[in-house]
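Chemist: Structure provided below as structure tokens; questions to follow.
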Amino acid sequence: MAVKNVALITAPGLAKRLGDDLKEELPAMLSYYISEEYEWHVELHEDPLTGGTNNSTEVLESALKRKDNAGWDYAVALTDLPLFEEEKPIVAEVFKDRDVALISFPGFGAVPMHKRVREAILQLMNEIHFGSSDADREEAQQRIRSKDNRYDDLKNKKSTRLVGKRMMEIVSPMKRETPGESDPDIVVRFTLKSRITGLMRVVSGMVYANRPWEMFAAFGKILVIAFTTGAYAFVFGTLWQLNTTYSIGRAVLMMIFSILALTIWIIMGHGLWEKKSEQSTNFIRNLYNATTFFTLLISVVMYYVILFTMFVIWTLFLQPPAQLEIYTSEPVGLATYLYTSWIGASISTIIGALGSFFENKEVVLNSTYGYRQQQRHEKIEELREKEEEEDKE
0 MAVKNVALIT APGLAKRLGD DLKEELPAML SYYISEEYEW HVELHEDPLT
50 GGTNNSTEVL ESALKRKDNA GWDYAVALTD LPLFEEEKPI VAEVFKDRDV
100 ALISFPGFGA VPMHKRVREA ILQLMNEIHF GSSDADREEA QQRIRSKDNR
150 YDDLKNKKST RLVGKRMMEI VSPMKRETPG ESDPDIVVRF TLKSRITGLM
200 RVVSGMVYAN RPWEMFAAFG KILVIAFTTG AYAFVFGTLW QLNTTYSIGR
250 AVLMMIFSIL ALTIWIIMGH GLWEKKSEQS TNFIRNLYNA TTFFTLLISV
300 VMYYVILFTM FVIWTLFLQP PAQLEIYTSE PVGLATYLYT SWIGASISTI
350 IGALGSFFEN KEVVLNSTYG YRQQQRHEKI EELREKEEEE DKE
């Protein structure tokens with residue numbers, strides 16, 4: 000049986016982790032979805048250029064060069080960078096007659112990323128193997144109809160669709176394009192139809208790629224300062240008296256203000272806001288800044304929920320109701336503890352956390368697109384210099 004080698008060329012970070020998860024399960028699925036006539040081998044290769052440019056042509060050409068040099072049969076590049084065609088989000092492309100494809104997974108949105116990327120790889124390989132004309136797609140569709148439902152979690156049962164229909168595809172549908180003369184190098188391209196919902200989907204995918212839950216580990220110092228400040232304040236009567244005078248509307252406004260204030264402080268205090276540069280357009284820069292803001296906002300909300308929970312536990316165990324009734328002049332129940340802890344979390348965030356800095360700044364920087372791209376550019380330059388030195392020798 001002939002062997003077909005498929006290389007997944009990934010950007011560092013999340014793309015590589017996705018590739019690691021997929022390389023074991025793809026061979027059997029390629030046999031099922033494409034052809035049983037071959038033995039499919041899938042291997043993984045990391046390439047900083049795949050995650051170092053917003054130009055899809057550069058990524059495809061780099062993947063083609065690596066494919067030809069290594070002697071692979073097919074190559075699929077996975078990037079965590081957003082790609083656009085005249086500010087229209089690109090999700091995937093196939094290089095004409097080159098057996099090379101590209102996936103920009105922010106275009107899939109936030110979740111479930113693994114399943115969408117897997118289905119997209121299978122569909123692009125299907126496009127490469129069978130072809131992208133209407134007749135080719137009908138042939139591919141007949142093969143799909145002839146197969147059993149061995150892989151129930153593969154939702155894509157249509158040969159012209161990149162991924163199966165889920166809620167995200169209903170809210171922000173994809174469009175299959177065959178550029179033809181307008182872009183002769185691309186045989187098929189999948190984009191997001193609506194610019195507005197498409198951008199929302201891309202930003203959610205970029206936030207997912209930033210993995211805000213991993214960045215939360217850097218909040219240790221800020222959490223300790225805020226909790227210490229609040230725990231001390233709970234010993235006295237002021238916070239408990241606010242419980243009787245603060246309306247719910249005022250408490251909500253204070254919570255929103257404290258969360259936004261800490262988010263903006265982290266961005267400004269750590270230089271995370273992208274400034275104008277020759278390397279990126281205003282459109283890309285604004286996209287990166289929006290992603291940074293929402294990534295940190297999610298992390299700060301997680302911090303706030305944990306701080307609130309800590310205050311609830313602290314007050315329930317260490318503040319007896321009889322003492323609190325002296326401050327509030329009314330009966331104290333669970334609602335009193337919850338409401339006062341809520342107010343305390345907001346005040347502690349404003350007083351205790353603002354002005355604090357992360358001990359591990361690298362964790363925060365690695366969760367921003369601009370910094371990761373800068374690191375990859377530096378690595379690309381190092382590799383190019385190394386290649387030039389080897390050529391001279």
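In numbering that gives the first Met the number 0, the protein residues as written are 0 to 392.
We treat Cβ as the ideally placed atom computed from N, Cα and C, and that holds for glycine.
Taking one C-beta from the stretch 256-275 and one from the stretch 298-309 each time, how about it: are there three or more such pairs within less than 8 Å?
Modeler: Yes, since at least three Cβ pairs between the stretch 256-275 and the stretch 298-309 fall closer than 8 Å, the two stretches touch.
Chemist: For residue 77 and residue 248, what's the separation of their Cα atoms in angstroms?
Modeler: Cα to Cα, residue 77 sits roughly 46 Å from residue 248.
Chemist: Quick check: the stretch 188-202 against the stretch 311-324, are there 3 or more CB pairs under 8 Å?
Modeler: Not touching, per the Cβ criterion.
Chemist: Contact defined as beta carbons within less than 8 Å: I believe residue 340 pairs with residue 311. What is the distance between those atoms, to the nearest angstrom?
Modeler: At roughly 5 Å, the Cβ-Cβ gap stays under 8 Å, so residue 340 and residue 311 are in contact.
Chemist: Note the first and the last residue of the continuous beta strand (DSSP E) segment covering residue 188.
Modeler: Counting along the chain, the beta strand (DSSP E) containing residue 188 begins and ends at 185-191.
Chemist: Relative to the C-alpha of residue 283, which candidate in 16, 29, 81 and 63 has its C-alpha closest?
Modeler: Looking at the Cα atoms, 81 is the closest of the given residues.
Chemist: For residue 108, which residues from the same chain have a beta carbon less than 6 Å from its beta carbon, with the 5 sequence-adjacent residues on both sides left out?
Modeler: 167, 200, 203 and 204.
Chemist: Cutting at 8 Å between CB atoms, please list the residues of its own chain near residue 174, excluding the five before and the five after it.
Modeler: Contacts found: 189, 190, 191 and 192.
Chemist: Rounding to the nearest angstrom, what Cα-Cα distance links residue 221 and residue 309 in this structure?
Modeler: Taking the straight line joining both Cα atoms gives about 14 Å.
Chemist: For the alpha helix (DSSP H) holding residue 39, just list the boundary residues, first then last.
Modeler: Element bounds for residue 39: not the alpha helix (DSSP H) but the beta strand (DSSP E), 37-45.
Chemist: Does the distance from the C-beta atom of residue 320 to that of residue 331 stay below 8 Å?
Modeler: Taking 8 Å as the Cβ cut-off, residue 320 and residue 331 qualify as a contacting pair.
Chemist: Does the stretch 19-32 come close enough to the stretch 55-62 to have 3 or more Cβ pairs within less than 8 Å?
Modeler: Segments in contact, no.
Chemist: With DSSP run on the structure shown, which of helix, strand or coil describes residue 396?
Modeler: Since the displayed the chain opens at 0 and closes at 392, residue 396 lies outside it and no answer follows.
Chemist: Out of 159, 184, 9 and 91, point me to the one whose CA is closest to residue 45's CA.
Modeler: Measuring from the Cα of residue 45, the nearest candidate turns out to be 9.
Chemist: So what does DSSP say about residue 83, is it helix, strand or coil?
Modeler: Strand at residue 83.
Chemist: Is the beta carbon of residue 99 closer than 8 Å to that of residue 69?
Modeler: Cβ atoms of residue 69 and residue 99: not closer than 8 Å.
Chemist: Near residue 322, what residues of its chain come up, given a Cβ to Cβ distance below 6 Å and the 5 sequence neighbours on each side ignored?
Modeler: Cβ within range, chain order: n/a, list empty.
Chemist: Can you name, in chain order, every residue of its own chain whose Cβ lies under 6 Å from the Cβ of residue 129, other than the five neighbours on each side?
Modeler: Around residue 129: 135, 138 and 139.
Chemist: In chain order, which alpha helix (DSSP H) runs of at least 4 residues are fully inside the stretch 260-329?
Modeler: Complete alpha helix (DSSP H) runs here, min 4: 281-317 and 320-327.
Chemist: In whole angstroms, give me the CA-to-CA distance for residue 95 and residue 54.
Modeler: Residue 95 and residue 54: Cα-Cα distance of roughly 17 Å.
Chemist: Can you tell me whether residue 115 is buried or exposed? The criterion is at least 16 other CB atoms within 10 Å of its CB, across all chains shown.
Modeler: Burial call: buried.
Chemist: In three-state DSSP terms, what is residue 173?
Modeler: Looking at residue 173 - three-state DSSP - the assignment turns out to be strand.
Chemist: Could you tell me which of 212, 335 and 172 sits nearest to residue 246, measuring between CA atoms?
Modeler: Minimum Cα distance to residue 246 is reached at 335.
Chemist: Would you give the residue range spanned by the beta strand (DSSP E) that residue 223 belongs to?
Modeler: Unbroken run through residue 223 is the alpha helix (DSSP H), 219-233; no beta strand (DSSP E).
Chemist: Heavy atom of the ligand SAH less than 7 Å from the Cβ of residue 14, yes or no?
Modeler: What this structure holds is no ligand at all, so the ligand SAH is not there to describe.
Chemist: Could you work out which residue in 31, 238, 87 and 208 is closest to residue 195 when comparing CA atoms only?
Modeler: Considering only alpha carbons, the answer is 87.
Chemist: Considering only the beta carbon of each residue, do residue 143 and residue 119 sit closer than 8 Å?
Modeler: No, Cβ-Cβ distance for residue 143 and residue 119 is not below 8 Å.
Chemist: With a 10 Å radius around its C-beta and 16 neighbouring C-beta atoms as the bar for buried, classify residue 125 as buried or exposed.
Modeler: Residue 125 should be labelled buried.
Chemist: Using a Cβ-Cβ cut-off of 7 Å (strictly less than) and excluding sequence neighbours within five positions of residue 307, which residues of its own chain qualify?
Modeler: Cβ neighbours of residue 307 beyond the five flanking positions: 340, 341 and 344.
Chemist: Report the three-state DSSP secondary structure of residue 33 (helix, strand or coil).
Modeler: It is coil, neither helix nor strand.
Chemist: Are the Cβ atoms of residue 3 and residue 73 separated by less than 8 Å?
Modeler: Yes, the Cβ-Cβ distance between residue 3 and residue 73 is below 8 Å.
Chemist: Is it buried or exposed, residue 216, if we count other Cβ atoms within 10 angstroms and call 16 or more buried?
Modeler: Exposed is the call here.
Chemist: Residue 3 by DSSP, collapsed to three states: which one?
Modeler: Residue 3: strand per DSSP, three-state reduction.
Chemist: Do you know how far the Cα of residue 279 is from the Cα of residue 156?
Modeler: When rounded, the distance between both Cα atoms is 38 Å.
Chemist: Going by DSSP in three states, residue 77 sits in which element: helix, strand or coil?
Modeler: DSSP places residue 77 in strand when its eight states are reduced to three.
Chemist: Does the Cβ-Cβ distance between residue 236 and residue 338 come in under 8 Å?
Modeler: The answer is no: Cβ separation not under 8 Å.
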